[in-house]
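Protein sequence lines, in the order shown, are assigned to chains A and B.
Mapping of the first sequence onto the working numbering: position 23 corresponds to residue 23, and the numbering continues sequentially without gaps.
Just add 193 to the spot in the second sequence (first one is 1) and you have the working numbering.
All residues carry an ideal CB built from backbone N, CA and C; glycine is no exception.
Take a look at the structure set out below.
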Amino acid sequence: MQSKLSDIELIEQTLAGNQFAYADLVKRHQRFVFTLAMRFAKGREDAEEIAQDCFVKAYRSLASFQGQSKFSTWLYSIVYTTAMTFLRKKRVDTDSIDDEGTFVQVESHESAYDTNNVENKSRSYYLNQAIEQLLPDDATIITMFYKGEQSLEEIAQTMGIETNTVKVKLFRARQRLKEKLERNLKHEVKELI
Amino acid sequence: MNTIEEKLWNYIDGTCTPAEQEAIARLIETDEVYKQKYTELLVLNQEFASMELDEPSMAFSYNVMEAIRAEQLVPLKSTINKKIILSIAAFFVLSILALLIVILSNVKISGNLFSGLDVKLPASLKLPSASSIFNSTLMKSFFVFDVILALFLTDSYLRRKKAAKEA
Numbered sequence: 001m002q003s004k005l006s007d008i009e010l011i012e013q014t015l016a017g018n019q020f021a022y023a024d025l026v027k028r029h030q031r032f033v034f035t036l037a038m039r040f041a042k043g044r045e046d047a048e049e050i051a052q053d054c055f056v057k058a059y060r061s062l063a064s065f066q067g068q069s070k071f072s073t074w075l076y077s078i079v080y081t082t083a084m085t086f087l088r089k090k091r092v093d094t095d096s097i098d099d100e101g102t103f104v105q106v107e108s109h110e111s112a113y114d115t116n117n118v119e120n121k122s123r124s125y126y127l128n129q130a131i132e133q134l135l136p137d138d139a140t141i142i143t144m145f146y147k148g149e150q151s152l153e154e155i156a157q158t159m160g161i162e163t164n165t166v167k168v169k170l171f172r173a174r175q176r177l178k179e180k181l182e183r184n185l186k187h188e189v190k191e192l193i
Numbered sequence: 194m195n196t197i198e199e200k201l202w203n204y205i206d207g208t209c210t211p212a213e214q215e216a217i218a219r220l221i222e223t224d225e226v227y228k229q230k231y232t233e234l235l236v237l238n239q240e241f242a243s244m245e246l247d248e249p250s251m252a253f254s255y256n257v258m259e260a261i262r263a264e265q266l267v268p269l270k271s272t273i274n275k276k277i278i279l280s281i282a283a284f285f286v287l288s289i290l291a292l293l294i295v296i297l298s299n300v301k302i303s304g305n306l307f308s309g310l311d312v313k314l315p316a317s318l319k320l321p322s323a324s325s326i327f328n329s330t331l332m333k334s335f336f337v338f339d340v341i342l343a344l345f346l347t348d349s350y351l352r353r354k355k356a357a358k359e360a
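Here is the structure:
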């Protein structure tokens, strides 16, 4: 069972030496942090590693959290920075078309065709599939806006860009997501016929 | 210039001015193109909002706490112990005082600057000579301790700096 205390109260308890309070904070935010990590990593193992790393980093610098923004905004900025570093490192490591991310993406497409049954697949399945095909930045903005309870200003703070830029990026990301969603659904129908 | 879609998204998100809001609401009511697009975007908006979050493994929070315990991490605030700072300060103050006493006891003032002043230490008081102090094992171990302390403090400072940078 999760704690009813606010994030700030849990942070105060953690700083006073109560590690269980931090475990509660982790439980409260783990799903969203993991989802954000998935937007960059495209693989569960890597995403778990990124998410875990983020919570450890957040714990280390918890005292520097001033409470001027929401804890979630502060935490997501750590996730964004860590995930970007991960992505950069991965690009340097592979730097080829045989990139693991590409492979995972292709694999997920194939597995989708294997279980080729439109009736059994919910709309959310197609939505998640379309999100996976977006660029990490687009997927992150969409996720933060719809699921992270973050305003455009807070997303701008997390990503270190201007609010207007976020607005434009969100608009474009929605357009791309809509296109991908339509294309995937069209493809599935074609496969059935 | 904003496209219809862009205007409607701003209207749905509530990021436009009250005047724009009013104008768009009127257009949705009167213009069929706006109305159709608005309905389409509303459905899309609901769909986007219904996206599901991914679930990490069952042991995720346990693994995080284990990683914290394994590294014996503590949030930076609790590492700043005032007693440690005070004892380090006291150590340095005492060291400086001891050095000052030794130096002053070995200073010989010549000339007639203080000719009128006749200060004499009591005969019973015997101050140690500086050379014997600096050659003694006690002084050498004192310096070694100082060096180790300096290394230790530099090391902890660099560790904290690195941790802050990583975060």
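Exposed unless 16 or more other CB atoms sit within 10 angstroms - verdict on residue i
{"i": "Glu154/A", "result": "buried"}
{"i": "Lys180/A", "result": "buried"}
{"i": "Thr82/A", "result": "buried"}
{"i": "His187/A", "result": "exposed"}
{"i": "Glu9/A", "result": "exposed"}
{"i": "Leu346/B", "result": "exposed"}
{"i": "Phe34/A", "result": "buried"}
{"i": "Lys354/B", "result": "exposed"}
{"i": "Tyr231/B", "result": "buried"}
{"i": "Pro249/B", "result": "buried"}
{"i": "Tyr255/B", "result": "exposed"}
{"i": "Ile78/A", "result": "buried"}
{"i": "Leu351/B", "result": "exposed"}
{"i": "Asp98/A", "result": "Caution applies to Asp98/A, whose pLDDT of 47 falls short of 50 and renders its modelled position unreliable; the model cannot decide the point."}
{"i": "Ala212/B", "result": "exposed"}
{"i": "Ala263/B", "result": "exposed"}
{"i": "Lys169/A", "result": "buried"}
{"i": "Thr14/A", "result": "buried"}
Beta carbon of residue i nearer than 9 Å to that of residue j
{"i": "Leu134/A", "j": "Leu87/A", "result": "no"}
{"i": "Val257/B", "j": "Phe20/A", "result": "no"}
{"i": "Tyr80/A", "j": "Thr158/A", "result": "yes"}
{"i": "Ala37/A", "j": "Ala51/A", "result": "yes"}
{"i": "Phe241/B", "j": "Arg183/A", "result": "no"}
{"i": "Phe145/A", "j": "Trp202/B", "result": "no"}
{"i": "Lys57/A", "j": "Asp7/A", "result": "no"}
{"i": "Gln214/B", "j": "Tyr227/B", "result": "no"}
{"i": "Ile281/B", "j": "Leu342/B", "result": "yes"}
{"i": "Phe65/A", "j": "Ile11/A", "result": "yes"}
Span of the alpha helix (DSSP H) around residue i
{"i": "Asp46/A", "result": "44-60"}
{"i": "Glu153/A", "result": "152-159"}
{"i": "Lys319/B", "result": "Here Lys319/B belongs to no alpha helix (DSSP H), and DSSP marks it neither H nor E."}
{"i": "Pro211/B", "result": "211-223"}
{"i": "Ser3/A", "result": "No alpha helix (DSSP H) holds Ser3/A; DSSP gives it neither H nor E."}
{"i": "Ser250/B", "result": "First-last for Ser250/B: undefined, no H or E at that position."}
{"i": "Phe32/A", "result": "19-41"}
{"i": "Lys70/A", "result": "Counting along the chain, Lys70/A falls outside any alpha helix (DSSP H), and DSSP gives it neither H nor E."}
{"i": "Lys301/B", "result": "Run containing Lys301/B: none; DSSP gives neither H nor E here."}
{"i": "Thr143/A", "result": "136-147"}
{"i": "Gln129/A", "result": "123-132"}
{"i": "Glu162/A", "result": "Looking at the DSSP string, Glu162/A is not in any alpha helix (DSSP H), and its letter there is neither H nor E."}
{"i": "Glu198/B", "result": "197-206"}
Residue i CB to nearest heavy atom of the ligand FAD below 8 Å
{"i": "Ile131/A", "result": "This structure lacks the ligand FAD; in fact it carries no ligand of any kind."}
Nearest to residue i (by Cα), restricted to the options the options
{"i": "Lys4/A", "options": "Val33/A, Ala156/A, Leu25/A", "result": "Leu25/A"}
{"i": "Gln129/A", "options": "Phe65/A, Val33/A, Leu185/A", "result": "Leu185/A"}
{"i": "Gln150/A", "options": "Ala47/A, Ser72/A, Gly43/A", "result": "Ser72/A"}
{"i": "Arg39/A", "options": "Thr232/B, Phe345/B, Lys228/B, Asp247/B", "result": "Asp247/B"}
{"i": "Phe335/B", "options": "Ala316/B, Asp348/B, Lys354/B, Ser288/B", "result": "Ser288/B"}
{"i": "Ser124/A", "options": "Asp348/B, Met244/B, Ile294/B, Lys230/B", "result": "Met244/B"}
{"i": "Thr85/A", "options": "Phe171/A, Gln68/A, Ala47/A, Gln175/A", "result": "Ala47/A"}
{"i": "Cys209/B", "options": "Arg174/A, Lys167/A, Ala173/A", "result": "Lys167/A"}
{"i": "Phe32/A", "options": "Ile142/A, Thr163/A, Gln13/A", "result": "Ile142/A"}
{"i": "Ala216/B", "options": "Lys200/B, Glu225/B, Gln229/B, Pro249/B", "result": "Lys200/B"}
{"i": "Ala356/B", "options": "Leu62/A, Asp138/A, Arg91/A", "result": "Leu62/A"}
{"i": "Asp206/B", "options": "Leu237/B, Lys358/B, Asp224/B, Val226/B", "result": "Leu237/B"}
{"i": "Arg91/A", "options": "Glu12/A, Glu49/A, Ala41/A, Tyr76/A", "result": "Ala41/A"}
{"i": "Met251/B", "options": "Thr14/A, Gln30/A, Ile131/A, Ala156/A", "result": "Gln30/A"}
{"i": "Leu234/B", "options": "Ile197/B, Pro315/B, Thr223/B", "result": "Ile197/B"}
{"i": "Leu75/A", "options": "Thr163/A, Gly148/A, Ile161/A, Asp137/A", "result": "Gly148/A"}
{"i": "Tyr22/A", "options": "Ala316/B, Ile261/B, Arg219/B, Gln239/B", "result": "Ile261/B"}
{"i": "Ser298/B", "options": "Phe284/B, Pro315/B, Phe285/B, Val286/B", "result": "Pro315/B"}
{"i": "Lys27/A", "options": "Phe253/B, Leu279/B, Gln265/B, Ala283/B", "result": "Phe253/B"}
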